[in-house]
Structure formats: C-alpha cells, structure tokens
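Enquirer: Residue numbers (the working numbering): 12 to 74.
Every residue, glycine too, gets a C-beta built ideally from N, C-alpha and C.
Predicted, not measured: the structure shown is a model, and the values here were computed from it.
Input: one structure, supplied below.
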Amino acid sequence: MMNDPIVEEMRKNGQAFAACYNHDLEAIYSALKEKEKTLGCKVVYRDPHHLPLERAQESMRYE
C-alpha cells in the first residue's frame, strides 16, 4: 500500500489531538463542539455518513 505524506500528517495530527484528551471520545467531542462555537460552523457531525453501496464497494477495492 502506498504511503501518502498528507494522510500520514493527518493521522499524526489526529493522534496528537486525541492524546491531548487522553483518547477520551467524550472529551474530544466536547472540545470540538466548543470549537464550533468560536468558528461559527460545524466541526462535528454525529449523524453517520453512509456511502452509496457502489461507492463503498469501489473504495474497498485494492489495486
């Protein structure tokens, strides 16, 4: 599998952010909701995101 430097950077940043809150999902969620208030836009969506079946199957294919 190809290593994408952008994906690696995003994962690293996500892990660092989670570590700030001891990987506690409720604390992370609360922090992001507070950030929404200061930004004035949505950061966290609780509703599950579902891909259409065809797109989901395409994203699971390996080249």
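1) Measure the C-alpha to C-alpha separation of Y40 and I17 and round it to an integer number of angstroms.
2) Hey, how far is the Cα of M13 from the Cα of A27?
3) Tell me the rounded alpha-carbon separation between K53 and E47.
4) Keeping to the same chain, check which residues put their C-beta closer than 7 Å to that of D25; ignore five residues upstream and five downstream.
5) Once DSSP output is grouped into helix, strand and coil, what is the label at E25?
Expert: Let me lay it out:
1) Translated into positions along the sequence shown, residue 40 becomes position 29. Translated into positions along the sequence shown, residue 17 becomes position 6. If I take the Cα positions, the gap works out to 24 Å.
2) Walking along the sequence shown from the start, residue 13 turns up at place 2. Walking along the sequence shown from the start, residue 27 turns up at place 16. In this structure, the straight-line span from the alpha carbon of M13 to that of A27 is close to 23 Å.
3) The residue labelled residue 53 in the question sits at position 42 within the sequence shown. The residue labelled residue 47 in the question sits at position 36 within the sequence shown. Cα-Cα distance, rounded: 6 Å.
4) On the sequence shown, residue 25 is found 14 positions in, with the first residue counted as 1. A quick correction: the sequence has Gly, not Asp, at residue 25. So the list is empty, once near-sequence residues are dropped.
5) Reading the sequence shown from its first residue, position 14 is the one you call residue 25. Note on identity: in this sequence residue 25 is Gly, with Glu being the wrong assignment. For G25, the three-state secondary structure derived from DSSP is helix.
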